[in-house]
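Notes for the one structure printed next.
Residue numbers (the UniProt record's numbering): 1 to 279.
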C-alpha cells in the first residue's frame with residue numbers, strides 16, 4: 001500500500017497540473033524552459049508538508065526515488081535549492097490561489113462557514129536588515145474563510161497593513177459566494193451593510209453584534225447559539241496551521257509571504273482530505 005507521503009505527493013501533483021493554464025508541460029524541458037511550474041509548486045508543497053528547509057528537502061528527495069518518480073524526475077534531474085527558491089517568487093499569485101481552490105474542492109462542504117483573522121508572524125530580522133530594507137511590519141494579517149464541518153480552508157486574504165475586518169470581509173466573500181450558505185463571524189464583522197449584502201446573495205449571516213446598547217444585546221439574544229459557536233472551528237484551524245506548518249512565514253518579500261500562506265492552507269486541505277479518505 002502506498003505511504004501517506006506518496007499519496008500526498010500524487011494528490012498534489014494532480015492538483016498542481018490542473019492549476020496550470022493549458023496542458024501541463026513535462027516535468028523537465030530542454031533548453032531554457034527548465035522545470036515545469038507544477039513541479040516547482042509540488043516541491044514547495046512537499047517542503048511545507050515535511051516542514052524541512054530547502055537544502056534538506058532536496059537531500060531527502062535524492063534518497064527517495066519513489067517520490068521523485070511521482071514528480072516525474074530522476075535523481076539526477078532534481079533542481080538545485082536556489083532554483084526552487086527563485087521560481088517561487090516568479091510564479092504568479094493566481095496559480096497558487098487556483099491550487100488552494102482545487103484543494104478545497106476535495107472536500108464535500110457543509111452548510112456553515114466561518115470567517116476570522118489572525119496575525120502570522122514573519123521571521124525575525126536584525127534591526128540593521130529592517131532599516132536597510134525599510135521593513136517595518138512584524139506580522140501578516142491573514143483572514144481565512146473555512147468550512148466548519150470539514151475544516152477545509154476555502155480562501156484567504158493577506159495584508160501587510162491592519163485594515164478593519166469589515167473592509168476585508170466583503171472582498172474575500174465575493175470570490176466565494178457560491179460556496180456560502182450560513183456565515184458565522186464574531187463582533188469584528190459587525191457591519192449592517194455586510195449582512196444586507198449577504199442576505200441579498202442568499203447567504204444567512206450569523207454575526208455577533210457589538211453591544212453598544214439594548215439593540216445589540218437584543219439581536220445577540222436572537223442568534224442561534226449552536227450555529228454561532230461553530231465559529232470556534234476557525235480558531236482550531238489557525239492553531240493547527242501554526243503547530244503543523246510553523247508559526248512564522250520565512251519569505252523576505254511581502255508577496256513571497258502571501259504565497260507561503262496560501263501554500264500552507266492548500267497543503268492542509270490536501271492532508272485533511274487524505275485523512276478523511278482513510279477514516
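We put the beta carbon where it would ideally sit given N, CA and C, even for glycine.
Look at the segment 58 to 103 and you find no whole run of beta strand (DSSP E) that is 3 residues long or longer. With three or more CB-CB distances shorter than 8 Å, the segment 68 to 76 counts as touching the segment 20 to 29. Given a length threshold of 4 residues, each whole run of the alpha helix (DSSP H) inside the segment 222 to 277 is given here in chain order: 225 to 228, 232 to 245.
In this structure, 103 is the residue among 103, 226, 42, 274 with its C-alpha nearest to the C-alpha of residue 265.
According to the DSSP secondary-structure assignment, residue 159 is paired through a beta bridge with 141. DSSP, read as helix, strand or coil, puts residue 20 in coil. Around the Cβ of residue 65, a 10 Å sphere holds fewer than 16 other Cβ atoms; the residue is exposed. Pairing residue 234 with residue 121 gives a Cβ-Cβ distance that is not under 8 Å. Contact between residue 50 and residue 58 is ruled out by a C-beta separation of about 12 Å, above the 8 Å threshold.
Relative to the Cα of residue 227, the nearest Cα in the group 243, 267, 246, 185 belongs to 185. Counting only residues of its own chain and dropping the five nearest sequence neighbours on each side, residue 106 has a CB closer than 6 Å to the CB of 273. Annotation for residue 206: the continuous beta strand (DSSP E) segment containing it runs 204 to 207. A straight-line Cα-Cα distance of about 12 Å links residue 97 and residue 15. Our two residues, residue 100 and residue 115, have alpha carbons roughly 16 Å apart in a direct line.
Under DSSP, residue 122 shares a beta bridge with 249.
The beta carbon of residue 204 is closer than 8 Å to those of 181, 182, 183, 198 in its chain, skipping five residues each way along the sequence.
Of the residues assessed, residue 278 falls on the exposed side of the cut-off, its CB having fewer than 16 other CB atoms within 10 angstroms.
In this structure, the CA atom of residue 11 is about 31 Å from the CA atom of residue 170.
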